[in-house]
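Engineer: After the structure tokens below, expect a handful of questions from me.
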Amino acid sequence: MRGIMAAPLVLTILMSLSCAGNRPEPAPDAPKDPLPIRVVDFPGQTLLVLACTGPFAGMDDKITEFIDFIGERGIETTGDLGGAFFDNPAETPPGETRYEIRIPVAPGTVVAPPYRVMVTEPMTTAAVLLIGDYESIATRYPDIYRWIEENGYVPAGPLMEVYLEHAGSGATAAEYQTEVHVPVIKGSAPLSE
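In my numbering, the protein residues as written are -17 to 175.
Structure (structure tokens):
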């Protein structure tokens, strides 16, 4: 009797082993998004702005000038230093690239040229926090724009950076934390200018 009971068990084991070769391989895990990009509501702000033209390499000197101006005038800031970039340096000669240095300030702030105060409207942005020196984070911008396109969005304004950790905060270049925001809208065609 014991041999009769063992036969079905052996047969079941043999059948499961012979079928194992016909099973499909488990699907590999989907690759993780290399950048944790999210869509956020970016608030409207009152900004102190310095418009600049020239190589991005000269931006450090402009930022120093900007910070000195704020300190000398005792201007009340209400947020983190940042920038907006209007030209792609791969397509625009370095001497012609346009950018702005920006910082949120108290409403009612008054300044004279070349500084100005502007008020922005709330907007939707594709946002990501990048860590490292500015040259290395800039290499990730094509990934951000690819994500925007692949997710059904269209850029609707200049790329903006918000500097959370930077040289002025005591961080080393490897520790810099830059929040990158690209204004976006849902759609399939860029806005006409």
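Backbone N, C-alpha and C fix where the C-beta goes; we use that ideal spot for every residue, glycine too.
Quick one: measure Cβ to Cβ for residue 99 and residue 28, integer angstroms, because I've assumed they're closer than 8 angstroms.
Structural biologist: 6 angstroms
Engineer: Buried or exposed: which applies to residue 156, given that a residue is buried once 16 or more other Cβ atoms fall within 10 Å of its Cβ?
Structural biologist: exposed
Engineer: Return helix, strand or coil for residue 84, following the three-state DSSP convention.
Structural biologist: strand
Engineer: Flag this pair as yes or no: are the beta carbons of residue 57 and residue 83 separated by less than 8 angstroms?
Structural biologist: no
Engineer: Closer than 7 angstroms by C-beta to residue 112: which residues in its own chain qualify, once you throw out the five before and the five after it? Chain order, please.
Structural biologist: Around residue 112: 119, 122, 160 and 162.
Engineer: Using a Cβ-Cβ cutoff of less than 6 angstroms, which residues in the same chain neighbour residue 105 once the five nearest sequence positions on both sides are dropped?
Structural biologist: 24 and 165
Engineer: How far does the alpha helix (DSSP H) with residue 124 in it extend, from its first residue to its last?
Structural biologist: 123 to 132
Engineer: Within 10 angstroms of its Cβ, does residue 96 collect 16 or more other Cβ (buried), or is it exposed?
Structural biologist: Exposed.
Engineer: Alpha carbon to alpha carbon, how far is residue 63 from residue 147?
Structural biologist: 10 angstroms
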